[in-house]
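Take any residue in the sequence shown, count from 1 to its spot, add 597: that is its number in my numbering. Just so it is clear, CB atoms sit at the ideal spot from N, CA and C, and this is done for glycine as well. Bear in mind that the values here come from a model prediction, so they are computed numbers and not experimental data. See structure below.
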Amino acid sequence: GGGSGGSAGKSLQTLPKAVVPTTAVDMATTTTTEPKQRVTLTPASGITDGQTVQVAAKGFKPNAKSLLVIECADKPDSGAGDCDFGHPPVDADATGNVATTFTVSKGPVGSNKNMCTAAQRCLIVITEAAPNGDNGTAPIVFGS
């Protein structure tokens, strides 16, 4: 057993500066196998700009701390500038599950000011704040 203390109140400013860009770049990696980390949104479709959705994830390390919950433009070369990092970090439970809420936006998303449209999809990403960390994504399906 190690140290204790809550981390829910930490802001991204407390994370090492090198973590944020690497995390966003890593999420763009595609694979042909089923991802270990699965993220689902409720509702799954018909979402409106500014709506708060339920975010559920599974497959993370048990009791993983300070997982980032971010909204990103779904681009082949997504980087830190394509993501919003305003949501407070969350922790996984003893079975590696995560439950939180997230207020989605059609944009602008990130410093690159992406807009979420039918042509430019956006995602909710839950990721470890470490290079090559575990991550999972779910598409944000906005209504018309």
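Legend entry - Helix, strand or coil at Asn679 [DSSP, three-state]: Walking along the sequence shown from the start, residue 679 turns up at place 82. Note that residue 679 is Asp in the sequence shown here, rather than Asn. Three-state result, Asp679: helix.
Legend entry - Among Ile721, Phe699, Val650, Pro685, the one whose alpha carbon lies nearest that of Asn732: Along the sequence shown, one-based indexing puts residue 732 at 135. Nearest option by C-alpha distance: Ile721.
Inset, instruction - Quickly, what does DSSP pair Gln651 with across the bridge? List them, please. - result: Position 54 of the sequence shown holds residue 651. Paired residues: Thr639, Thr698.
Legend entry - Cutoff 7 Å; reference Ala735; Cβ partners in own chain excluding five residues on either side: Within the sequence shown, numbered from 1, the residue matching residue 735 stands at position 138. Here the set comprises Val636, Thr637, Leu638, Leu720, Ile721.
Legend entry - Backbone secondary structure at Glu725 - three-state DSSP: Taking the first residue of the sequence shown as 1, we reach residue 725 at position 128. Note: Glu725 maps to coil in three-state DSSP.
Inset, instruction - Please state whether DSSP places Cys669 in a helix, a strand or coil. - result: For the purposes of this step, residue 669 is taken as the residue at position 72 of the sequence shown. Looking at Cys669 - three-state DSSP - the assignment turns out to be strand.
Legend entry - Cut-off 8 Å between Cβ atoms - residues of its own chain near Gly656, not counting five sequence neighbours on either side: Reading the sequence shown from its first residue, position 59 is the one you call residue 656. So the qualifying residues of the chain are Pro632, Lys633, Gln634, Arg635, Gly693, Asp731, Gly733.
Inset, instruction - Under 8 Å Cβ to Cβ from Thr698, same chain only, skipping five residues before and after it: list those, please. - result: Locating residue 698 in the sequence shown gives position 101, where the first residue counts as 1. Excluding sequence neighbours, Thr698 sits near Thr649, Val650, Gln651, Val652.
Inset, instruction - Measure the alpha-carbon distance for Glu754 versus Ser741 and round it to whole angstroms. - result: This structure leaves residue 754 out entirely; the chain is present only between 598 and 741.
Inset, instruction - Classify Gly656 as helix, strand or coil using the three-state DSSP reduction. - result: Residue 656 sits at position 59 when you count from the first residue of the sequence shown. Coil.
Legend entry - Beta-bridge partners of Thr736, as assigned by DSSP: Position 139 of the sequence shown holds residue 736. The displayed chain sequence assigns Pro, not Thr, to residue 736. In the DSSP output, where bridge partners are listed per residue, Pro736 has Leu720.
Legend entry - Nearest-angstrom Cα separation, counted from Val706 out to Asp690: Working through the sequence shown from its first residue, we reach residue 690 at position 93. Working through the sequence shown from its first residue, we reach residue 706 at position 109. Cα-Cα distance, rounded: 29 Å.
Legend entry - Proximity of Gly683 and Asn709 at Cβ, strictly below 9 Å: Position 86 of the sequence shown, counted from the start, is the residue given in the question as residue 683. Position 112 of the sequence shown, counted from the start, is the residue given in the question as residue 709. Against a cut-off of 9 Å, the Cβ pair of Asn709 and Gly683 comes out as no contact.
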